[in-house]
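Here the structure comes first, spelled out in structure tokens, and everything after it is commentary.
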Amino acid sequence: MAIFLGAPGTPQAGGNPAASQRYDTIIVGCGPAGLSAAINLAIRQKSFLVLGTDLCSPKMQKSPQIDNYLGVPAISGEELRQRFLHHAAAMGVEIRKARVDTIYPDGEGFSLSAKGEIYQARSLIIATGVASTRLLPGEQDLLGRGVSYCATCDGPLYRGRTVAVLAYAPEAEEEANYLAGVAGRVLYIPLYRPVGPLDSRVQVLPQQRPERIEGAGRVERLVLSGQTLAADAVFIFREMTPAQQLMAELEMENGNIKVDRHQATNVPGIFAAGDCTGRPYQLAKAVGEGQVAALEAASYLERLRTRERSGARELMETTSTALADS
Ligand SMILES: Cc1cc2nc3c(=O)[nH]c(=O)nc-3n(C[C@H](O)[C@H](O)[C@H](O)COP(=O)(O)OP(=O)(O)OC[C@H]3O[C@@H](n4cnc5c(N)ncnc54)[C@H](O)[C@@H]3O)c2cc1C
């Protein structure tokens, strides 16, 4: 099979195996945009890692027949998905199963948190597909003050308290089961079907649309279409991660990540490709943008290295002049 899954923080394959734990590039998302970026970084011999979810592209898996992908007529989405994965595997691409919940600058590049595991890179390519849901009113304001995307990171803060889980995808079940062991009460609002087995302490509520999260400086309530729940925290688990959830500083345009013709975002070192940058939502566009993002990330890394080398030279010259003068 095409996916190599390893323990976080141990670089394995991925073009040029990295000696350190900070990669040149991390690609978030392993759909066609992410995989296209990956094979191009492998060709450029960069150290990189792909972080993605189980299927790599649930969208491709669902698409019955694709007729507009050049050179591969009348193919099912599932078969094309398998071919993409085999191609990536044949080029030594490592895909690690991890859903990134936040990205933040760390001085030397970026740190990515995925269920409390931290990954680091000098540049990033975001290829997370299009999110079918937008942030809820109140979500961003109360982030870190009761709103969370990671049960293992923040669950222990709510020991004995009431937490609500907004579950857009079955992956949330594992998170809710974890919360059942720490929180006093877990209210589970499924937004998908069918709901799988859950810890008996998890209280499953009827499916209903979430409207907003309320509270004066901290989460106090989750307002749903059918009822309002008093809760100390709201844990949100979506299938596709809205870009602003990943990093609030990313500039958006009509709900998509704003990029220029180089697939560069407003944050230097972060590139984006595929459906997450906007319409048309099509495979060929995703693959093309993935390639551009990879080449531009490689150029960015070269520029960074040149700057670092000249900075080091300047520093050495200043030091030797100072020593000669003393
Ligand atoms: C039913 C259907 C039929 C279609 N038919 C066609 C067609 O005939 N022709 C065509 O050109 N296009 C078609 N499309 C569209 C095509 O599938 C998409 O344009 C393409 O898959 C977009 O690729 P992507 O890599 O940008 O995103 P996706 O394929 O959506 O991949 C994004 C990946 O990133 C992962 N991800 C998201 N958030 C995170 C995170 N925080 N951390 C880690 N991973 C994350 C997701 O789980 C997903 O695996 C169809 C789509 C559907 C749904």
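Take 26 as the starting number for the sequence shown in our numbering and just add one per residue.
Beta carbons are placed, not taken as given, at the ideal position from N, Cα and C, and that holds for glycine.
Let me confirm a value: residue i is counted as buried when at least 16 other C-beta atoms fall within 10 Å, else exposed. Which label applies?
| i | result |
| --- | --- |
| aspartate 350 | exposed |
| phenylalanine 227 | As written in the sequence, residue 227 is valine, which differs from the phenylalanine given in the question. Its Cβ being crowded by 16 or more others within 10 Å, valine 227 is buried. |
| alanine 337 | exposed |
| glutamate 339 | exposed |
| asparagine 291 | exposed |
| tyrosine 144 | buried |
| serine 225 | exposed |
| proline 215 | buried |
| glutamate 104 | exposed |
| glutamine 46 | exposed |
| glutamine 270 | buried |
| arginine 218 | exposed |
| glutamate 119 | buried |
| proline 181 | exposed |
| aspartate 79 | exposed |
| methionine 85 | buried |
| glycine 242 | exposed |
| threonine 153 | buried |
| alanine 258 | buried |
| arginine 304 | exposed |
| alanine 297 | buried |
| glutamate 333 | exposed |
| alanine 309 | exposed |
| glutamate 9 | Residue numbering for the chain in the displayed model covers 26 to 351; residue 9 lies beyond these limits and cannot be assessed. |
| alanine 99 | exposed |
| serine 335 | exposed |
| lysine 71 | buried |
| glycine 206 | exposed |
| serine 250 | exposed |
For the candidate residues the options, whose alpha-carbon lies nearest to that of residue i?
| i | options | result |
| --- | --- | --- |
| isoleucine 295 | Met272, Asp92 and Thr343 | Met272 |
| leucine 76 | Arg147, Asp300, Cys55 and Ile128 | Cys55 |
| alanine 197 | Val229, Ala289 and Ala255 | Val229 |
| proline 293 | Ile151, Leu308, Thr177 and Leu247 | Ile151 |
| alanine 62 | Gly242, Glu104, Val317 and Val97 | Val317 |
| proline 195 | Gly171, Arg246, Ala205 and Leu223 | Leu223 |
| valine 53 | Arg69, Ile68, Lys71 and Cys81 | Cys81 |
| serine 173 | Leu204, Ala309 and Tyr94 | Leu204 |
| glutamine 252 | Leu66, Pro235 and Asn279 | Pro235 |
| tyrosine 94 | Pro130, Met277, Ala256 and Gln307 | Gln307 |
| alanine 256 | Val244, Leu249 and Ser250 | Val244 |
| glutamate 278 | Arg286, Gln233 and Thr302 | Thr302 |
| glycine 132 | Ala146, Gln232, Ile64 and Ser324 | Ala146 |
| isoleucine 238 | Thr50, Ala323, Tyr193 and Leu161 | Leu161 |
| proline 89 | Cys178, Ser101 and Thr78 | Ser101 |
| histidine 287 | Gln233, Ser324 and Ile68 | Ser324 |
| glycine 134 | Thr50, Thr346 and Lys310 | Thr50 |
| tyrosine 108 | Leu60, Lys283 and Gln233 | It is arginine, not tyrosine, that sits at residue 108 in the sequence shown. Looking at the Cα atoms, Leu60 is the closest of the given residues. |
| valine 284 | Glu164, Ala258, Glu314 and Ile261 | Glu314 |
| arginine 69 | Ala309, Arg334 and Glu327 | Glu327 |
| glutamine 165 | Gly240, Arg121 and Leu149 | Gly240 |
| alanine 58 | Leu329, Asp300, Arg332 and Ser335 | Asp300 |
| glycine 221 | Cys178, Tyr193 and Ile282 | Tyr193 |
| leucine 74 | Arg121, Arg170, Thr331 and Gly206 | Arg121 |
| proline 83 | Ala123, Leu66, Ala67 and Arg106 | Arg106 |
| alanine 67 | Arg330, Arg184, Ala319 and Leu329 | Ala319 |
Give me whichever residues DSSP pairs with residue i in a beta bridge.
| i | result |
| --- | --- |
| proline 293 | None, per the DSSP bridge assignment. |
| arginine 121 | Leu76 |
| alanine 192 | Pro215 and Phe262 |
| glutamate 239 | Arg246 |
| tyrosine 144 | Leu137 |
| threonine 127 | Ser138 |
| glutamine 228 | Leu212 |
| glutamate 278 | Asn281 |
| isoleucine 64 | Bridge partners of isoleucine 64: none, in fact. |
| alanine 255 | Arg246 |
| arginine 47 | Gln145 |
| valine 53 | Leu76 and Ile151 |
Answer yes or no: does any C-beta atom of chain B fall closer than 8 angstroms to that of residue i?
| i | result |
| --- | --- |
| leucine 271 | Any reference to chain B falls outside this structure, which holds one protein chain only. |
**Asked** Does the stretch 157-177 touch the stretch 251-270, meaning 3 or more C-beta pairs lie closer than 8 angstroms?
**Response** yes
**Request:** Report the residue ranges of all beta strand (DSSP E) runs contained in full by the stretch 156-207; include only those spanning at least 3 residues, in chain order.
**Result:** 187-192
**Prompt:** Quick check: the stretch 208-218 against the stretch 185-193, are there 3 or more CB pairs under 8 angstroms?
**Reply:** yes
**Message:** Measuring CB atoms only, is the stretch 107-116 touching the stretch 127-140, in the sense that at least three cross pairs come out at less than 8 angstroms?
**Reply:** no
**Message:** I'd like to know if the stretch 84-98 and the stretch 134-148 are in contact, where contact means that at least 3 CB-CB pairs between them fall below 8 angstroms.
**Reply:** no
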